[in-house]
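Protein chains in written order, with the numbering used here: chain A, 1 to 190; chain B, 191 to 624.
To start, the structure itself, in structure tokens.
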Amino acid sequence: MADEPGKLTRRELIARGVRGAGLLCAAGGLGALVTRGQAENLVWQIDPKKCIACGKCATECVLNPSAVKCVHEHEICGYCELCFGYYVDQRLDDQETAENRRCPTDAIRRAPVEDPYYQYIIEEDKCIGCALCVEGCQQFGNGSLIMQVRHDRCLNCNQCAIASACPADAFRRVPASDPYLLRLKKQGNA
Amino acid sequence: MNSLPLLVTALLAAPRHLLAEEQFNFPPPEFSRPYVFPDTPTPAPRPEWLGVADVVVLAVALALAAYFGLRTRSRRHLVVLTGFSLLYFGFYKKGCVCAVGAVQNVAMALGPEQYALPLVVGLFFILPLVFALFWGRAFCSSVCPLGAVQELVLLRPLKVPVWLNSALALLPALYLGLGVLFAAAGSTFIICRYDPFVQVFRFGGGTLMVFIGIAVILLSVVVGRPYCRYACPYGFLLGLLSPFSREKVRITTGDCINCHLCADACPYGAIQPPTPAPQYLPRAAERKRLGLLIALLPVLVIVGGGLVRLASPLLARADYRVRLAAQVWQEEQGKLTDPTDETEAFAKRGVPTSDAYVAALQVHRRYATGSWFLGGWLGLVLGLRLVSGSVRRHRSIYQINQSACVVCGRCYHYCPLDRQRGLSLTDAPQEDQS
């Protein structure tokens, strides 16, 4: 108990040892991190090849509406007149009325390009990530409609709540410098 | 040289070539007029330099916490810093990434998963620990947003009985062990999934966790920092290091007069009263008991490891791959008639079912090894607790349990000595003159 000034007690000696060892470990860990060179930030993304369009992205995300939205890879799209992502499987008539459309929030804009091709544009601010259009396009179409984590919205939780619930194990961490898993990797633009 | 045109053609045809490896139901359109494909939106994530800025904010906040807690001994400044941390790390950063969760990133990077620990996450893990080696639990004091929520709502602290407090204080070791095991095996980050306060920062989340979050906050009104003391795995690590810190929290700057006001003020049970004058038992008996307990340590480690090893198949069910294999097997046996989303997704991948079993087996092996470590860790913690409990340390004055102290600064202005000397009068609330 009596701490004489200038005299090293046993307890202080142990403490110094622990501090020194701790600092060494921290420096070593930091050195390993820096020298490995790939210590880049990671973000969550959906692998469209694994996604089964189950719809959990719309409900499991900590954000409302979800950080996951449907994006359209136009280069893969067949520009079908009868789009399975746009229309329900069994249409009541030939009209574009709401009951004939898959999207519950009217987020898909359909416009003719030239006979017989139509282009489909997702109005991203309306999309809620329910994956109904993705399901249709996956089943019958080219699969150009895919689910992707939108990084302008994603909070990048350490444990993604959707990833925990994803039945297809489609979520994984990808480098923040290349944060999208499109089916068609574009050349030369990140 | 005549391969050059071929190469150029190949490069030009690259996108089509990439397309060719997949089967498409409909051929891509051939437009008669030039057509520009609309862009696929790919907004960039939060830039990396902002992550580095977070680390700088963390370091500055830690330094300020250490300065206010140990040098100026000012509770008022600590509370202001706590508020800032709640706003920045809590509501602005939405609680991610935090040092508490980063434990799991480190564990996963050390485990068999091919995971490279990001530098920012690594620094979030290391910095508070380094600070703890020199200035105690500065992080808990007023930097951690989870601590901040509880600190700021604590209105009527009740005393938790000492026996209950020390029993519950072992829970963080269990939580830490489980969190590290699940993360290292690459299964899930339970510490993040069951973080009770992150829902508050995000104003939403799963119903169950929102409910638990509200319950823990209500509990924090009457029990000082229940999450920090009885759950937080990172706080457990900091508590291991803080007793060795270079500068320690002192209740008073003068000589203690044993008035017990500080112990009454501490809501976290971190101030230990003086012990009665030691009755000298025969030292030989004491020494024998201590020796026995120390000899018991390796036994506890091995028994703990063996016991948890028995439970390892159960623990492995936390992993997606194990659950999937179980479902695939049930389906193959005809016990599962309707395919689940999981088995459907697996079938869609078009790989043989043996792949699922191999993956699950690999995970089971990880858990078989990991559960020895978990059990050994639990046995070690329990054993060391017994050893430290059997060593009778004499205290003639009120002393701070450095491991449990979160440097909230409450005791400072309760000390009549300091108050008399005007050392912390500026920080003391004005109304209590008694």
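All residues carry an ideal CB built from backbone N, CA and C; glycine is no exception.
Annotation: B/V339 to B/L276 spans about 7 Å, alpha carbon to alpha carbon. The DSSP-derived three-state label of A/L184 is coil. At least one C-beta of chain A is nearer than 7 Å to the C-beta of B/N215.
In summary, the residues of the stretch 13 to 40 of chain A whose CB is separated from some CB of chain B by less than 8 Å are I14, A15, V18, R19, G22, L23, A26, G29, L30, L33, V34, R36, Q38, A39 and E40, in the order they occur in the chain. Nearest CB-CB separation between B/V320 and chain A: below the 7 Å threshold. Cβ contact annotation for B/G444 (same chain, cutoff 6 Å, sequence separation greater than five): L607, in chain order. The C-beta distance from B/Y384 to B/P423 rounds to 11 Å, too long to fall under 8 Å, and the pair is not in contact. Within chain B, not a single residue places a beta-carbon under 9 Å from that of A/Q95; the smallest gap is close to 23 Å. B/L551 is the residue among B/I492, B/K478, B/L551 and B/L526 whose C-alpha sits nearest the C-alpha of B/Y510. Contact between the stretch 356 to 363 of chain B and the stretch 273 to 287 of chain B is not established, with fewer than three Cβ pairs separated by less than 8 Å. In this structure A/Y120 is buried. Its beta-carbon is surrounded by 16 or more other beta-carbon atoms within 10 angstroms. Taken atom to atom, the span from the alpha-carbon of B/G569 to that of A/G136 is near 54 Å. Cβ atoms of B/G326 and B/K438 come within 8 Å of each other, at about 6 Å. In this structure, the CA atom of B/L309 is about 27 Å from the CA atom of B/V390.
Per DSSP, the continuous alpha helix (DSSP H) segment holding B/Y420 begins and ends at P416 to Y420.
Proximity of chain A to B/C382 at the Cβ level (cut-off 8 Å) is accounted for by C157, N158 and Q159, in chain order. A check of alpha carbon separations from B/V412 across B/C605, B/D229, B/S264 and B/L348 identifies B/L348 as the nearest. Here DSSP, grouped into helix, strand and coil, assigns A/A168 to coil. The contact set of A/R172 on chain B, defined by CB atoms closer than 7 Å, is empty, because the minimum CB distance reaches about 10 Å. Secondary structure of A/L42 (DSSP, three-state): strand. In the three-state reduction of the DSSP assignment, A/E123 falls in the coil class, being assigned neither a helical nor a strand state.
Taken through DSSP and simplified to helix, strand or coil, A/C70 comes out as strand. Under the criterion of beta carbons closer than 8 Å, B/V333 and B/L252 qualify as touching, at roughly 6 Å. Contact between A/K126 and A/A107 is confirmed by a C-beta separation of about 4 Å, below the 8 Å threshold. Taking the C-beta atoms as reference points, B/S377 is found no nearer than 7 Å to B/A501.
If the five residues before and after A/R16 are omitted, its C-beta is found closer than 7 Å to no C-beta atom of its own chain. The C-beta of B/E303 comes no closer than 7 Å to any C-beta of chain A.
Of B/S222, B/F281 and B/C605, the smallest CA-CA separation from B/G394 is found for B/F281. Residue burial is scored here from C-beta neighbours: B/A243 has fewer than 16 other C-beta atoms within 10 angstroms and is therefore classed as exposed. The continuous stretches of beta strand (DSSP E) do not include A/L24, which lies in the alpha helix (DSSP H) extending over residues R10 to R36. Comparing C-alpha distances from B/L430 to each of B/L323, B/S331 and B/G301 shows the shortest one belongs to B/L323.
Relative to the Cα of A/A53, the nearest Cα in the group A/G28, A/L30, A/D115 and A/S144 belongs to A/S144. If you draw a 10 Å sphere on the C-beta of B/L345, you find fewer than 16 other C-beta atoms in it, and that means exposed. Following the DSSP letters along the chain, one finds A/Q148 inside the beta strand (DSSP E) bounded by residues L145 to V149.
Under the Cβ distance rule, A/A176 counts among the residues neighbouring chain B, one pair being separated by less than 7 Å. B/F214 is positioned such that its CB atom lies no closer than 7 Å to that of B/Q294.
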